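Take 955 as the starting number for the sequence shown in the numbering used here and just add one per residue.
One structure is given here, and the rest of the page talks about it.
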Amino acid sequence: MEIIERIRRQDVRAIARLMSLVENNAPEATAALKELYPITGQAFIVGITGPPGSGKSTLTDQLTKEFRRDGKTVGIIAVDPTSPFTGGAILADRIRMQQHSLDAGVFIRSMATRGHLGGLAKATGDVVNVLDAAGKELILVETVGVGQDEVEVVKTADTCVVVSVPGLGDDVQAIKAGILEIADIFVVNKADREGADKTVTELQAMMGLGPGRSDWSPPILKTVATQGQGIAELAQGILAHRAHLDRRGLRQMRQRERSRALFLELLQEQGTRRLLERASANGTLEQTIERIAKREMDPYSAVEELLAKAGL
């Protein structure tokens, strides 16, 4: 396929084109992803998550600058809330990162959640693979910022950076359940504000109450992203975590878990679709729903019957 060769040559238009096909669930996207898959798995993926207003976009922008200074190529996936009017992404992140638009070593993609829960767009994993195949060394995935549902980022990222800020009231409490456990690095951004040290202390206390990890103790770093303070230390922390994962063979384990999650999601999605298409084609689906509505059959038995007819 011509688009495959163009992507391998890092053709920006080809990369953007395939991403659009992926987001629109076009049949040709699946064919392209199949061909690209064998050359993926080289990029290091960093998830950046945390509450709205914590400065994730500015942090992502500054991290990109830092990694580019080191000569590393960067892909950015900014998962935006879906516009209630157009159904598209609200492209605030791309506007903030406009300074990178002329840098051939950076590719930025804003994606709409389109109602998908977990802080990530449904197609995020596939878009990560496109950037991976295009040779991006680091891929930064910035999530929407919807609270505890953002634990889904761990399915995509090698390193999870959880961002907090002082002065958001229940900010630390908001990340207490779920997100606390997935953090590989904590960042207290806007650390020039009053209460930054208190936020650090609260995070330390919460980590002390948790089960703990035998292999890695998540550092708590303070940054002022708007001024570039603490960014070099954060970049070093990310690279240190990557070295730790590689040294312990944990990166391969995480890739295996991502492969498992992707396979099971595709199996569930396509298996369900095919079962429903078959049931709709022979009229069984509507007849079964009618019987359930009339209480002539319970939904549990109906599902068992449908699966039995499919030989499952």
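A virtual CB, placed ideally from N, CA and C, is assigned to each residue, including glycine.
None of the values given here were measured: they were computed from a predicted structure.
- Of all C-beta pairs linking the segment 1140–1154 to the segment 1169–1180, three or more are shorter than 8 Å, placing the two stretches in contact.
- Residue 1014 places its beta carbon 8 Å or farther from that of residue 1090.
- Here residue 1006 is exposed, its C-beta having fewer than 16 other C-beta atoms within 10 Å.
- By the Cβ-count criterion, residue 990 is buried, with 16 or more other Cβ atoms from all chains shown falling within 10 Å of its own Cβ.
- When the alpha-carbon of residue 1189 is set against those of 1230, 1264 and 1139, the nearest one is in 1139.
- In chain order, 1002, 1010, 1014 and 1032 place their CB closer than 6 Å to the CB of residue 1096, counting only its own chain and leaving out the 5 sequence neighbours on each side.
- In the DSSP assignment, residue 1093 falls within the unbroken beta strand (DSSP E) covering 1092–1096.
- Note that the C-beta distance between residue 968 and residue 976 is not below 8 Å.
- 1141 is the residue among 1109, 1141 and 1092 whose C-alpha sits nearest the C-alpha of residue 1115.
- Residue pairing by DSSP places residue 1063 opposite 1031 in a beta bridge.
- If you look at residue 1082, you'll find it in the alpha helix (DSSP H) that goes 1078–1087.
- Nearest to residue 1110 by alpha-carbon distance, out of 1094, 1119, 1019 and 1087, is 1094.
- Under the DSSP assignment, residue 1225 falls in the alpha helix (DSSP H) whose first and last residues are 1204–1235.
- Under the DSSP assignment, residue 1117 falls in the beta strand (DSSP E) whose first and last residues are 1113–1118.
- Looking only at 1200, 1181, 1230 and 1212, the smallest Cα-Cα distance to residue 1019 is reached by 1181.
- In the DSSP annotation of this structure, residue 1017 is not part of any beta strand (DSSP E); the continuous alpha helix (DSSP H) holding it starts and ends at 1010–1023.
- Excluding five sequence positions before and after residue 962, the CB atoms of its chain that fall closer than 8 Å to its own CB belong to 993, 1087, 1088 and 1089, given in chain order.
- With 16 or more neighbouring CB atoms inside 10 Å of its own CB, residue 1199 falls in the buried class.
- Around the C-beta of residue 980, fewer than 16 other C-beta atoms lie within 10 Å, and the residue is accordingly described as exposed.
- For residue 1171, the closest alpha carbon among the candidates 1185, 1192 and 1153 is that of 1192.
- Remark: C-beta atoms of residue 998 and residue 1196 approach each other more closely than 8 Å.
- Looking at the DSSP output, residue 1192 bridges to nothing.
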